[in-house]
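*Asks:*
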Amino acid sequence: MLKIIIPTIMLLPLTFLSPHKHLWTNTTTYSLLIATVSLQWLTPTYYPGKGLTPWTSIDQISTPLLVLSCWLLPLMIMASQNHLEQEPITRKRIFLSTLILVQPFILLAFSASELMLFYIAFEATLIPTLILITRWGSQPERLNAGIYLLFYTLASSLPLLIAILHLHNQVGTLYFPMLKLYHPPAADSWTSLMSSLALLLAFMVKAPLYGLHLWLPKAHVEAPIAGSMLLAALLLKLGGYGIMRITLLIDLSSSNLHYPFITLALWGALMTSAICLRQIDLKSLIAYSSVSHMGLVVAATMIQTQWAFSGAMILMISHGLTSSMLFCLANTNYERTHSRILLLTRGLQPLLPLMATWWLLANLTNMAIPPTTNLMAELTIIIALFNWSSLTILLTGTAILLTASYTLYMLMTTQRGTLPSHITSIQNSSTREHLLMALHMIPMILLILKPELISGIPV
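The sequence shown begins at 1 in full-length UniProt numbering and counts up by one.
1) Cβ atoms of I162 and L115: under 8 Å apart, would you say?
2) Would you please state the rounded distance, in angstroms, between the beta carbons of T129 and L230? I believe it to be under 8 Å.
3) Can you grab the Cα-Cα spacing for the pair L270 / P159, in whole Å?
4) Please report how far the alpha carbon of G347 lies from the alpha carbon of A362, in whole angstroms.
5) Using 8 Å as the threshold, is the C-beta distance between L447 and I454 below it?
6) Going by the beta-carbon positions, is the gap between A233 and L96 smaller than 8 Å?
7) Just verifying my parser: in three-state terms, what is the DSSP assignment at E378?
8) Among I225, A356 and T305, which residue has its Cα nearest to the Cα of N82?
9) Please work out which residues of its chain come closer than 7 Å, Cβ to Cβ, to V459, disregarding the five sequence neighbours upstream and downstream, and give them in chain order.
10) Applying the 10 Å Cβ sphere with the 16-neighbour rule, what's the burial state of residue 460?
11) I'd like the list of long-range same chain contacts for T134, defined as Cβ closer than 7 Å, with 5 residues on each side in sequence excluded.
12) Looking only at its own chain, which residues have a Cβ that is under 6 Å from the Cβ of residue 464, when we skip the five neighbours before and after it?
13) Pair every Cβ in the region 437-445 with every Cβ in the region 319-329, then say whether three or more of these pairs are closer than 8 Å.
14) Do you know whose CA, among Y152, L73 and T98, lies nearest residue 467's CA?
15) Indicate the three-state DSSP secondary structure (helix, strand or coil) for A223 in the structure shown.
16) If distances are taken between C-alpha atoms only, which option among L391, L351 and L236 comes closest to residue 539?
17) Do the region 255-262 and the region 298-312 meet, that is, are 3 or more Cβ pairs less than 8 Å apart?
18) Rank L132, E378 and Q304 by C-alpha distance to the C-alpha of L84 and give the top, closest one.
19) Which term fits D188, buried or exposed, when burial requires 16 or more other beta carbons within 10 angstroms of its beta carbon?
20) Does the Cβ of G137 have 16 or more other Cβ atoms within 10 Å, making it buried, or fewer, making it exposed?
21) Provide the residue(s) that pair with Y175 in DSSP beta bridges, ordered along the chain.
22) Residue range of the alpha helix (DSSP H) that H319 falls in?
23) In angstroms, rounded to a whole number, what distance separates the CA positions of L436 and I246?
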């Protein structure tokens with residue numbers, strides 16, 4: 001574990017000590033090296049807790065998410081190069097160090113074997129994200145978005161802290177392998193109901209559950225590209241991962257606590273897909289699509305069967321790569337046309353034909369076309385939900401129909417149609433951008449061949 005965390009922390013002195021002309025190459029190469037080394041976590045073991053130390057434990061649920069977070073750091077650095085071109089060198093260094101600072105906290109949160117350490121790391125990711133949005137965003141509304149993000153997270157995570165302390169008083173330990181052996185008493189009292197609700201609420205805001213999701217579109221629209229990728233690909237997964245970890249500790253079915261969450265999540269998947277069809281802002285559309293995908297994940301984790309967990313796991317990984325790639329594509333359009341409005345950036349296919357190929361691939365994975373892992377995940381989740389109650393097929397079926405339609409709507413408006421008259425000259429797409437898209441797409445294609453790496457089932 002330390003052989004990933006220590007090099008990640010050592011990226012900080014590298015950003016401050018690299019000479020100007022080697023700044024990007026050094027940080028990108030070094031973080032790619034770390035990402036390559038992190039692939040060793042995917043090796044199958046018979047023993048469930050890989051690297052079990054007093055403070056970390058890596059099992060099949062956290063391994064794919066850890067590898068994903070290591071993989072996305074070089075991609076975030078590559079994506080931010082263009083919009084930082086005009087900035088003085090000191091600001092570039094500060095931006096990079098803010099980006100790198102989130103990484104150890106995310107790695108800690110995904111691998112912590114102690115509930116309190118997990119809570120601290122979970123909360124610490126908020127601060128660099130907030131700095132990224134409120135300092136490096138492009139519009140004055142970013143302050144509003146930052147306040148939304150801060151207060152949603154804080155209001156939901158104070159009950160979580162109290163619930164963790166309450167749990168520690170009850171059980172006497174917060175060590176995950178020990179907590180798995182503890183069987184919660186039947187939840188008949190108000191206190192046990194409230195404590196399980198408090199344990200879940202913070203992760204539901206982070207995931208985000210429909211109804212607690214209002215901070216997400218704001219934060220995504222205002223964040224710079226690295227902030228959007230970080231939010232979509234990693235911070236939302238912290239919510240899903242937290243729910244998976246916590247649901248092992250609480251007996252949901254005895255208190256009927258899972259009903260409102262599943263209902264809200266599925267209804268939210270339906271509603272946000274419908275909202276996507278009415279969006280005029282490209283980044284906002286992708287942000288709402290994240291809410292609908294994570295709604296499926298939340299619904300699956302609430303059922304707590306092996307199939308549902310496996311489907312939620314695969315969907316989290318494939319959605320992390322897909323939505324991150326979509327944000328990168330939206331950003332390449334934004335850097336050329338300086339507008340996120342769909343009507344002003346239409347008809348770009350004849351101008352940037354190779355980019356249109358990436359758009360097509362990303363949109364196909366987003367709407368879960370057959371060989372992709374997105375489809376495996378969605379089918380697994382739908383079957384698990386259908387097994388739990390056959391009525392859910394109405395909600396999930398409609399949500400998937402709407403997902404396909406808004407994805408096609410996004411593809412048609414950005415790539416097809418007449419070119420707006422105000423676009424007279426446009427930059428060519430650079431090799432860096434193609435490499436960025438390829439590094440998102442290659443893992444997705446390779447995972448089709450071996451999805452059990454990310455399915456969360458011990459191999």
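Beta carbons: idealized from backbone N, C-alpha and C, even for Gly.
Computed from a predicted model, the values in this text were never measured in an experiment.
*Replies:* In short, the structure shows the following:
1) For the 8 Å CB-CB criterion, L115 and I162 do not form a contact.
2) A Cβ-Cβ separation of about 6 Å places T129 in contact with L230 under the 8 Å criterion.
3) For L270 and P159, the distance between alpha carbons rounds to 29 Å.
4) Computed Cα separation, rounded: 17 Å.
5) Going by C-beta atoms, L447 is nearer than 8 Å to I454.
6) For A233 and L96, no; Cβs fall outside 8 Å.
7) Per DSSP, reduced to three states, the secondary structure at E378 is helical.
8) Nearest option by C-alpha distance: I225.
9) Confidence is the limiting factor: at V459 the pLDDT is only 49, short of 50, which leaves the residue's position unreliable and the question unanswerable from this model.
10) A question about residue 460 goes unanswered here, because the residues of the chain that appear run from 1 up to 459.
11) Hits under 7 Å: R142, L143 and G146.
12) What is shown of the chain runs 1 to 459, which leaves residue 464 out entirely.
13) Inter-segment contact for the region 437-445 and the region 319-329 is present: three or more beta-carbon pairs are separated by less than 8 Å.
14) Because residue 467 is not part of the residues shown, which for the chain are 1 to 459, the question remains open.
15) In this structure, A223 counts as coil in the three-state DSSP scheme.
16) Because the chain here runs from 1 to 459, residue 539 falls outside it and cannot be looked at.
17) At 8 Å Cβ cutoff, the stretches touch.
18) Comparing C-alpha distances from L84 to each of L132, E378 and Q304 shows the shortest one belongs to L132.
19) The Cβ neighbour count for D188, taken over all protein chains shown within 10 Å, is under 16; the residue is labelled exposed.
20) Under a 10 Å Cβ-count criterion, G137 is classified as buried, with 16 or more other Cβ atoms of the shown protein chains found around its own Cβ.
21) Among the bridge pairs identified by DSSP, Y175 is matched with E114.
22) First-last of the alpha helix (DSSP H) with H319: Q306 to T337.
23) Rounded to the nearest whole angstrom, the CA to CA distance from L436 to I246 is 35 Å.
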